[in-house]
Amino acid sequence: MGNRVLAVGEALIDLVAARPGELTKTSGFVRKMGGAPLNVMAAANIFGAKSELFATVGNDFFGDFILRKFSKYSSTKNIIKVDKFTTLAFVSLTKDGERDFEFSRGADAELTYDHIDKEIYNDSEIIVFSSATAFIDSKLKETYFKLVDKSASDKKIVVFDPNYRENLINDLDLYAKDIRYVFSKSDIIKLSDEEALMITGESSIDNAIKELSKSENKTIFVTLGKKGFYLISNGKSELHKPIITVNSIDTTGAGDVFLGCIIGLISKIEDKRNITDEEILKIAKKSSIAAALSTTKKGALSAIPSMKEVERYSI
Numbered sequence: 003m004g005n006r007v008l009a010v011g012e013a014l015i016d017l018v019a020a021r022p023g024e025l026t027k028t029s030g031f032v033r034k035m036g037g038a039p040l041n042v043m044a045a046a047n048i049f050g051a052k053s054e055l056f057a058t059v060g061n062d063f064f065g066d067f068i069l070r071k072f073s074k075y076s077s078t079k080n081i082i083k084v085d086k087f088t089t090l091a092f093v094s095l096t097k098d099g100e101r102d103f104e105f106s107r108g109a110d111a112e113l114t115y116d117h118i119d120k121e122i123y124n125d126s127e128i129i130v131f132s133s134a135t136a137f138i139d140s141k142l143k144e145t146y147f148k149l150v151d152k153s154a155s156d157k158k159i160v161v162f163d164p165n166y167r168e169n170l171i172n173d174l175d176l177y178a179k180d181i182r183y184v185f186s187k188s189d190i191i192k193l194s195d196e197e198a199l200m201i202t203g204e205s206s207i208d209n210a211i212k213e214l215s216k217s218e219n220k221t222i223f224v225t226l227g228k229k230g231f232y233l234i235s236n237g238k239s240e241l242h243k244p245i246i247t248v249n250s251i252d253t254t255g256a257g258d259v260f261l262g263c264i265i266g267l268i269s270k271i272e273d274k275r276n277i278t279d280e281e282i283l284k285i286a287k288k289s290s291i292a293a294a295l296s297t298t299k300k301g302a303l304s305a306i307p308s309m310k311e312v313e314r315y316s317i
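Rendered as structure tokens:
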């Protein structure tokens, strides 16, 4: 099938506070293109995939901005304009690069199953589910779960990142149930430490890792920020410390870059179902370097490094 990769989810505008601090105290915003699936697909494209994003944006100047900017990374023919305002995320960075976040939902909720091009789906071996907004009741949620089921049934390689956002979720029990369901259908999963606790129901990361290690036929990455990541595969788990140390100024999208790099590198492998543990570790280490480098600049997409930059570091 080649290196084509399909994702569904939100394409939105990040309105980033001009100065670090609380959102309520900011005096202005800088407009950035964003949304986890969009970031992941941009990174996947840079690292070797032919990425296809299915999303809905508003019939407004923000929607036009997304279409224009994303065209540098991928085709935009599957980003559909609808009669809603483009979804907005208001983001302020703290002094250590973490985020204060507020959300105004609009067009991203309108993606339907009929929007998905069947020919592109059939030609894609990897289907990516990394939406933060798909677990909120909407047409997008219906589409998301329908595509999860179809992708698993069709033996696609299902990639999942819950992208948990605390202030988007009202019913945490339902959310945990939903992400466990998608987890059960997935082959490659990226989790934060917080998401690992939710998936397993454990109260410590050590116990969560032990529980995740019982998963069959799954490759799981649990990212720990500056502490590195766990790689869990074939009943084994191992903590891998960061390859490089950087001066982080903006962690926005680092997890998306990590996952996008993994997807891009896997997409270039012919026999994707039989990747060795050694190969997947090498891919994960390169992806960890890419994610770390992405935190040294402001903005998720503008900070994605090139493969040449990543390969300067030995693994």
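Just so you know, we're using this note's numbering here: the sequence shown kicks off at 3 and counts up by one. Just so you know, even glycine gets a beta-carbon here, dropped at the ideal spot from N, CA and C.
Residues bridged to residue i [DSSP beta-bridge criterion]
i, result
"residue 232", "224 and 241"
"residue 283", "Answer is none; residue 283 lacks a bridge partner."
"residue 54", "8"
"residue 35", "15"
"residue 60", "84"
Whether residue i touches residue j by CB criterion (9 angstroms)
i, j, result
"residue 302", "residue 36", "yes"
"residue 12", "residue 133", "yes"
"residue 143", "residue 162", "no"
"residue 137", "residue 10", "no"
"residue 181", "residue 204", "no"
"residue 94", "residue 28", "yes"
"residue 246", "residue 128", "no"
"residue 177", "residue 166", "yes"
"residue 83", "residue 109", "yes"
"residue 257", "residue 294", "no"
"residue 30", "residue 19", "yes"
"residue 262", "residue 48", "yes"
"residue 297", "residue 250", "yes"
"residue 103", "residue 80", "no"
"residue 96", "residue 164", "no"
"residue 112", "residue 58", "yes"
"residue 201", "residue 220", "no"
"residue 233", "residue 207", "no"
"residue 259", "residue 5", "no"
"residue 118", "residue 267", "no"
"residue 50", "residue 270", "yes"
"residue 179", "residue 150", "no"
"residue 169", "residue 87", "no"
"residue 145", "residue 115", "yes"
"residue 224", "residue 195", "yes"
Host alpha helix (DSSP H) of residue i (start-end)
i, result
"residue 203", "That residue, residue 203, is in no alpha helix (DSSP H); it is neither H nor E in DSSP."
"residue 67", "63 to 72"
"residue 38", "38 to 48"
"residue 300", "It is not in any alpha helix (DSSP H) - residue 300 carries neither H nor E in the DSSP assignment."
"residue 182", "174 to 186"
"residue 267", "256 to 269"
"residue 311", "309 to 312"
Span of the beta strand (DSSP E), counted from its first residue to its last, around residue i
i, result
"residue 194", "190 to 194"
"residue 159", "159 to 162"
Complete runs of the alpha helix (DSSP H) confined to the stretch 79 to 149 [at least 4 residues]: 120 to 124
The stretch 280 to 300 in contact with the stretch 63 to 79 per 3-pair CB rule at 8 angstroms: Not touching, per the Cβ criterion.
contact_flag[the stretch 230 to 246, the stretch 206 to 220] where n(CB pairs < 8 angstroms) is 3 or more: Contact holds between the stretch 230 to 246 and the stretch 206 to 220, because three or more Cβ pairs, one in each stretch, are under 8 angstroms apart.
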